[in-house]
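So the sequence shown is numbered by the numbering used here: it starts at 1 and just counts up by one.
Even for Gly, the Cβ is constructed at its ideal location relative to N, Cα and C.
Note sheet for the following structure.
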Amino acid sequence: MNGISTTFIVQGALWLLVVFSVVTWTLIVVKAIQSLRASARNRRYTKAFWAANSFQEAAALDGANSPAGELAATGFDVLRRADEGSAHDLEHSWNRHDLLERHLRQQIQHARRREEAGLAVLASIGSTAPFVGLFGTVFGIIHALTAITHSASASIDVVAGPIGEALVATGIGIAVAVPAVLAYNFFVRRVKAASADLDAFATDFVTLAQKAGFRVPAAAAAPARRATETRQEAFA
């Protein structure tokens, strides 16, 4: 392998690490903004939800942009459709309690998948970036040793310089991987905490729905229906 092709391989590895770094920091910023917005909207919605005077009044709240609000909208919509649906079709063959719990679980899973978007990319970058850097280093060392064999001198200065430059690729690979791994672990913890909050809210919602007889007045269910339709259109 000649020196030109080796140089291209090393430069290609370095540029790939640059791309990895850009993708990593872009995902970190985007996921951080999404997480902060979701947390703030959840706090606003749950505060308004628990401030409502009745289950029917809570159904009139619009929580289309809040994960907790979307969960509640799903619950209210299920209760509304349970009143409108036929008792003989498969969808409504469940009792209201089981039907509500099933749809709430599905909505929580949907919200979790949405929050986990991009985390697999961070995990992949964190695990592969050091090896990409090592790949560049290996070819850099090969190029350096080849150059040394054609050199008239083999002193430490001649050997250390090219090899030191080749090792830079490994250092860059590690520098790219560390933020990706740290961000991945941080956002995984955030997703688990958010899912736990939604689970707790869903449990409270089912308890309130049971006290209300698993029914919501049609007028109160209208905002929930609109929120559900908005959510479905956004992810269609």
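Segments assigned alpha helix (DSSP H), at least 4 residues, entirely inside the stretch 36 to 83
55 to 59
Count the other C-beta atoms from every protein chain shown that fall within 10 angstroms of the C-beta of D204, then say buried if there are 16 or more, exposed otherwise.
exposed
Can you give, in chain order, each stretch of the beta strand (DSSP E) that sits fully within the stretch 151 to 217 and has at least 3 residues?
none
Whether T24 touches I125 by CB criterion (8 Å)
yes
Selected residue, minimal CA-CA separation from V206, among A196, I163, F131 and L104:
L104
In angstroms with no decimal places, state the Cα-to-Cα distance between Q210 and H97.
8 Å
Suppose contacts are defined by Cβ-Cβ distances below 8 Å. Is S66 in contact with R102 by that definition?
no
Note down, in chain order, each residue of its chain lying with its Cβ closer than 6 Å to the Cβ of L208, except the 5 sequence neighbours on either side.
F55
Judging by CA-CA distance, which residue of L61, S39 and L36 is the nearest neighbour of A48?
L61
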